[in-house]
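Chemist:
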């Protein structure tokens, strides 16, 4: 995720002082949305919700 500047960094920038350099990012901090989607519990949850929506749609289309 992107690091947003904190208030004290913004105040230092307004005073003409250079903000401190950001801390080096590690590979663990650079994981984004695709990493979250690769988690098995989330994929199982999304598959169950998708199946329920599909069953409801087929029920509406075919049986009603």
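Residue numbers (our numbering): 2 to 65.
No residue lacks a Cβ here, since even glycine has one placed at the ideal position from N, Cα and C.
Source: prediction; values computed, not measured.
1) Does residue 65 come out as helix, strand or coil in the three-state DSSP assignment?
2) What is the rounded straight-line gap between the Cα of residue 42 and the Cα of residue 62?
3) Measure the C-alpha to C-alpha separation of residue 56 and residue 65 and round it to an integer number of angstroms.
4) How many Å lie between residue 53 and residue 44 at the Cα?
Modeler: Here's the rundown:
1) Translated into the one-based positions of the chain shown, residue 65 becomes position 64. If DSSP states are grouped into helix, strand and coil, residue 65 belongs with coil.
2) Translated into positions along the chain shown, residue 42 becomes position 41. Translated into positions along the chain shown, residue 62 becomes position 61. Looking at the two C-alpha atoms, the distance is approximately 30 Å.
3) Position 55 of the chain shown holds residue 56. Position 64 of the chain shown holds residue 65. Cα to Cα, the separation comes out at about 13 Å.
4) The residue given as residue 53 occupies position 52 in the chain shown. The residue given as residue 44 occupies position 43 in the chain shown. Roughly 14 Å between the two C-alpha positions.
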